[in-house]
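Peer 1:
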Amino acid sequence: MSFIDRHGLYTPDQVQLAQAVLERIKAAGLESVRIGFPDLHGIVRGKVLMAAEVEAAFQSGVSMTSSLFLKDSSHRTVMPVFGRNAGTGIAGFQGAADFLMVPDPATFQILPWAERTGWLLCDAYFPDGSPVPYATRSILRHALDRLAGRGMAFVAGLEVEFHLFKLDDPMLSLGDSGQPGTPPAVSLTHHGYNYLTEQRYDRLSPLLEILRQNIQALGLNLRSMEIEYGPSQVEFVFHPGVGMAPADGMILFRNAVKQVARRHGYHASFMCRPQIPNVCSSGWHLHQSLRSSADGVNLFSAAAGDAPLSALGMQYLAGLLRDAPACAAFSTPTINGYKRYRPHSLAPDRAIWGIDNRGVMLRVLGGPASQAARIENRIGEPAANPYLYLASQIAAGLAGVDDALDPGPSADTPYEAAAPLLPTSLEQALMALDSSARMRAAFGDVFVDYLLHIKHAELARHHAEVSAWEQREYFDLF
Numbered sequence: 000m001s002f003i004d005r006h007g008l009y010t011p012d013q014v015q016l017a018q019a020v021l022e023r024i025k026a027a028g029l030e031s032v033r034i035g036f037p038d039l040h041g042i043v044r045g046k047v048l049m050a051a052e053v054e055a056a057f058q059s060g061v062s063m064t065s066s067l068f069l070k071d072s073s074h075r076t077v078m079p080v081f082g083r084n085a086g087t088g089i090a091g092f093q094g095a096a097d098f099l100m101v102p103d104p105a106t107f108q109i110l111p112w113a114e115r116t117g118w119l120l121c122d123a124y125f126p127d128g129s130p131v132p133y134a135t136r137s138i139l140r141h142a143l144d145r146l147a148g149r150g151m152a153f154v155a156g157l158e159v160e161f162h163l164f165k166l167d168d169p170m171l172s173l174g175d176s177g178q179p180g181t182p183p184a185v186s187l188t189h190h191g192y193n194y195l196t197e198q199r200y201d202r203l204s205p206l207l208e209i210l211r212q213n214i215q216a217l218g219l220n221l222r223s224m225e226i227e228y229g230p231s232q233v234e235f236v237f238h239p240g241v242g243m244a245p246a247d248g249m250i251l252f253r254n255a256v257k258q259v260a261r262r263h264g265y266h267a268s269f270m271c272r273p274q275i276p277n278v279c280s281s282g283w284h285l286h287q288s289l290r291s292s293a294d295g296v297n298l299f300s301a302a303a304g305d306a307p308l309s310a311l312g313m314q315y316l317a318g319l320l321r322d323a324p325a326c327a328a329f330s331t332p333t334i335n336g337y338k339r340y341r342p343h344s345l346a347p348d349r350a351i352w353g354i355d356n357r358g359v360m361l362r363v364l365g366g367p368a369s370q371a372a373r374i375e376n377r378i379g380e381p382a383a384n385p386y387l388y389l390a391s392q393i394a395a396g397l398a399g400v401d402d403a404l405d406p407g408p409s410a411d412t413p414y415e416a417a418a419p420l421l422p423t424s425l426e427q428a429l430m431a432l433d434s435s436a437r438m439r440a441a442f443g444d445v446f447v448d449y450l451l452h453i454k455h456a457e458l459a460r461h462h463a464e465v466s467a468w469e470q471r472e473y474f475d476l477f
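Position one of the sequence shown corresponds to residue 0 (numbering that gives the first Met the number 0), numbered consecutively onward.
#1: Using three-state DSSP, classify HIS284 as helix, strand or coil.
#2: Count Cβ pairs between the segment 135–154 and the segment 264–279 that sit closer than 8 angstroms; are there 3 or more?
#3: Nearest CA to the CA of GLY94: which residue from ASP167, LEU69, GLU472?
#4: Quick test of the definition: if touching needs 3 or more C-beta pairs under 8 angstroms, does the segment 215–222 touch the segment 76–89?
#5: I'd like to know whether the C-beta atoms of PHE237 and ALA382 end up nearer to each other than 8 angstroms.
#6: List in chain order: all unbroken beta strand (DSSP E) runs of 3+ residues lying wholly within the segment 70–151.
#7: What's the C-alpha gap between GLY117 and GLY128?
#8: Just grab the DSSP bridge partners of TRP468 for me.
#9: Indicate the three-state DSSP secondary structure (helix, strand or coil) for PHE36 in the structure shown.
#10: By Cβ distance below 7 angstroms, which residues in the same chain neighbour ALA50 in space, the five residues on each side in sequence not counted?
#11: Please name the residue or residues paired with PHE235 in a DSSP beta bridge.
#12: Distance check for LEU397 and ALA155, CA to CA, integer angstroms please.
#13: Does the beta-carbon distance from TYR337 to SER424 come in below 8 angstroms?
#14: Can the beta-carbon of ILE209 be found closer than 8 angstroms to that of VAL259?
#15: Does any CB atom of chain B fall closer than 8 angstroms to the CB of ILE42?
#16: Where does ILE374 sit, in a helix, a strand or coil, going by DSSP?
#17: Mind checking which residues open and close the beta strand (DSSP E) that includes LYS46?
#18: Can you list, in chain order, the stretches of the beta strand (DSSP E) that have 3 or more residues and sit fully within the segment 178–218?
#19: Within 10 angstroms of the Cβ of PHE477, are there 16 or more other Cβ atoms? Answer buried if so, exposed if not.
#20: Cβ of ARG83 within 7 angstroms of any heavy atom in the ligand SAM?
#21: Run through the DSSP bridge pairs and tell me what ARG349 is partnered with.
#22: Who does THR64 pair with in a DSSP beta bridge?
#23: Could you give the C-beta distance for PRO540 and HIS162, rounded to a whole number, given that I count them as a contact under 8 angstroms?
#24: Sort ARG460, TRP352, ALA346 by Cα distance to GLY312 and report the nearest one.
#25: Cα separation between GLN470 and PHE36?
#26: Three-state secondary structure (DSSP) at TYR265?
#27: Using the Cα positions of ASP122 and ALA303, report the straight-line distance between them to the nearest angstrom.
#28: Under the three-state reduction of DSSP, which class applies to LEU364: helix, strand or coil?
#29: Check whether the Cβ atoms of SER73 and PHE92 lie closer than 8 angstroms to each other.
#30: Report buried or exposed for GLU114, applying the criterion of at least 16 other Cβ atoms within 10 angstroms of its Cβ.
#31: Would you identify the three-state DSSP class for ASN356, choosing helix, strand or coil?
#32: Does the beta-carbon of MET360 have 16 or more other beta-carbons within 10 angstroms, so that it is buried, or is it exposed?
#33: Quick test of your reading: ALA394 and ARG290, contact by CB under 8 angstroms. State the CB separation rounded to the nearest angstrom.
#34: What whole-angstrom Cβ distance do ARG341 and GLU380 have, given they're in contact under 8 angstroms?
#35: Given that a residue counts as buried once 16 or more other Cβ atoms are within 10 Å of its Cβ, and exposed if not, what is GLY358?
#36: Could you give the C-beta distance for ALA317 and LEU308, rounded to a whole number, given that I count them as a contact under 8 angstroms?
Printed below as a string of structure tokens:
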């Protein structure tokens, strides 16, 4: 009996899908398949299997070193892997021992930009069949299972802003390596400030068409491509999806954009605010609602009257407001992302909601009796791990439902309203998460403490660096 069979890691549907994937690999004449898992930062790590090896992967998984879970955003291992339990308290990490990637056949893709190459996302298990507690895809699955136990499903639509630059120099000289290495030198693809103009779109159209063709070839449900406000800034909008699909889609989308752009001489960045003159911050606006598992009815839709959402929707909304500070560590997990929260900037600076108002954190859309009724959370950055971002929304929203919270009145002047301010730094967000009993209950102390350890390691490196600001401010003055 195989590892996957022995531990019951596939449903009957996955068994059938795995067989169908093997048939597709053969029919398409694929020669290799990229197989990987999303780490804490939403970066896919894995191996490239020869096509003939995929059948074995569907039976026994693929071994990987467990230290891949212990890395910060510079790819440094920040826990002592050769100490007792690798500093994690979990024996499976000691000595950088192996874990097993178990491919989810539902995620299989044929990559249109890579010759004869397939792609699979995986879940992570220890050799005894227990799930790795740091695997973020499993974190979201647990949140979705909580919803399913209540007869509900999570629906999410993605609006993702990012930057497309011309790649001038990849900075690959001998002195440019490191952790991290020197970032590439780039120039603009457009000057910006021609928000949503057709002429500006047409100038960037040759690259956008290349991206569109590849994204649609992957089956991602693209709705629109738009020229954003800032220099070299664009936005891609996707139709809503259900359950795990939006998070898997975000991972695949970011990988596709970065890889395709690079192959054509461009650099795509989902960093919130690159250090480029006149640049504008990028956000990730997450549209969300709950629907009935039984009949697909939108549970946020108010039956009638003046209420913008159903009673359940308003309670969910209130939960998102209450736990916004703690959830910021998931929606905005980088030091850089907090430079976006500015008043009068089309980005939120406090936990407030409003009806069709782009200055609030939570923008309520759809109206009474609408099957499109939803909440647009405008807090996120495009570098966020989608599994953690979505899971945090479910956790906070359900807590609001359980406590029958009231979100209060809609805000017409969001930057003047009396409301709790959002964290202004990653440090503040981590403090809010650390002290949140609700987030600890939803994610588990083991995972929260793990995330805090990794993020504090990033902060320590940041504080140890001498910044360009410090050099300008003090070097000549003193």
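Using N, Cα and C, we set each Cβ at its ideal position, and we do this for glycine too.
Peer 2: Looking at the atomic coordinates:
#1: Residue numbering aside, residue 284 sits at position 285 when the sequence shown is read from its first letter. Looking at HIS284 - three-state DSSP - the assignment turns out to be strand.
#2: no
#3: Numbered from 1 along the sequence shown, position 95 holds the residue referred to as residue 94. It is LEU69 whose Cα lies nearest to the Cα of GLY94.
#4: no
#5: The residue given as residue 237 occupies position 238 in the sequence shown. The residue given as residue 382 occupies position 383 in the sequence shown. Cβ atoms of PHE237 and ALA382: not closer than 8 angstroms.
#6: 97–102, 116–124
#7: Translated into the one-based positions of the sequence shown, residue 117 becomes position 118. Translated into the one-based positions of the sequence shown, residue 128 becomes position 129. Cα-Cα distance, rounded: 26 angstroms.
#8: Walking along the sequence shown from the start, residue 468 turns up at place 469. Paired residue(s): none; TRP468 is not in a bridge.
#9: Numbered from 1 along the sequence shown, position 37 holds the residue referred to as residue 36. It is a strand residue.
#10: Numbered from its first residue, the sequence shown carries residue 50 at position 51. Hits under 7 angstroms: ILE24, LEU29, GLU30, SER31, VAL32.
#11: Taking the sequence shown and counting its residues from 1, one reaches residue 235 at position 236. Answer by DSSP bridge pairing, in chain order: VAL159, MET224.
#12: Position 156 of the sequence shown, counting from 1, holds the residue named residue 155. Position 398 of the sequence shown, counting from 1, holds the residue named residue 397. In a straight line, the C-alpha of ALA155 is about 15 angstroms away from that of LEU397.
#13: On the sequence shown, residue 337 is found 338 positions in, with the first residue counted as 1. On the sequence shown, residue 424 is found 425 positions in, with the first residue counted as 1. In contact: TYR337 and SER424 (Cβ atoms closer than 8 angstroms).
#14: Here the question's residue 209 lines up with position 210 in the sequence shown. Here the question's residue 259 lines up with position 260 in the sequence shown. Their beta carbons are under 8 angstroms apart, which means ILE209 touches VAL259 by this criterion.
#15: No chain B appears in this structure, which consists of one protein chain only.
#16: On the sequence shown, position 375 is the one that residue 374 refers to. ILE374 falls in the strand class under three-state DSSP.
#17: Residue mapping note: residue 46 aligns to position 47 of the sequence shown, counting from 1. From DSSP, the beta strand (DSSP E) with LYS46 extends over 43–49.
#18: 184–187
#19: Here residue 477 refers to the residue found at position 478 of the sequence shown. Answer is exposed; the Cβ neighbour count stays below 16.
#20: Because no ligand of any kind appears in the structure shown, any question about the ligand SAM cannot be addressed here.
#21: Start at 1 with the first residue of the sequence shown, and residue 349 comes out as number 350. Answer by DSSP bridge pairing, in chain order: LEU420.
#22: Numbered from 1 along the sequence shown, position 65 holds the residue referred to as residue 64. In the DSSP output, where bridge partners are listed per residue, THR64 has ASP97.
#23: In the structure as shown, the chain begins at 0 and stops at 477. Residue 540 is therefore absent and cannot be evaluated.
#24: Taking the sequence shown and counting its residues from 1, one reaches residue 312 at position 313. With distances taken between Cα atoms, GLY312 lies closest to TRP352.
#25: The count along the sequence shown starts at 1 and reaches residue 470 at position 471. The count along the sequence shown starts at 1 and reaches residue 36 at position 37. Approximately 40 angstroms between the Cα atoms of the pair.
#26: Position 266 of the sequence shown, counting from 1, holds the residue named residue 265. TYR265 falls in the strand class under three-state DSSP.
#27: Within the sequence shown, residue 122 is the residue found at index 123, counting from 1. Within the sequence shown, residue 303 is the residue found at index 304, counting from 1. Cα-Cα distance, rounded: 43 angstroms.
#28: For the purposes of this step, residue 364 is taken as the residue at position 365 of the sequence shown. Reduced to three states, the DSSP call for LEU364 is strand.
#29: On the sequence shown, residue 73 is found 74 positions in, with the first residue counted as 1. On the sequence shown, residue 92 is found 93 positions in, with the first residue counted as 1. No, they are not a contact pair.
#30: Translated into positions along the sequence shown, residue 114 becomes position 115. GLU114 should be labelled exposed.
#31: On the sequence shown, residue 356 is found 357 positions in, with the first residue counted as 1. Looking at ASN356 - three-state DSSP - the assignment turns out to be coil, as it is neither helix nor strand.
#32: As a position in the sequence shown, residue 360 is number 361, starting the count at 1. Classification for MET360: buried.
#33: What you label residue 394 is simply residue 395 of the sequence shown in a count that begins at 1. What you label residue 290 is simply residue 291 of the sequence shown in a count that begins at 1. Between ARG290 and ALA394 the Cβ distance is about 18 angstroms, and since that is not below 8 angstroms, they are no contact.
#34: For the purposes of this step, residue 341 is taken as the residue at position 342 of the sequence shown. For the purposes of this step, residue 380 is taken as the residue at position 381 of the sequence shown. That pair is no contact at about 13 angstroms.
#35: Position 359 of the sequence shown, counted from the start, is the residue given in the question as residue 358. Burial call: buried.
#36: By one-based count along the sequence shown, residue 317 stands at place 318. By one-based count along the sequence shown, residue 308 stands at place 309. Contact doesn't hold; Cβ gap of about 10 angstroms is too wide.
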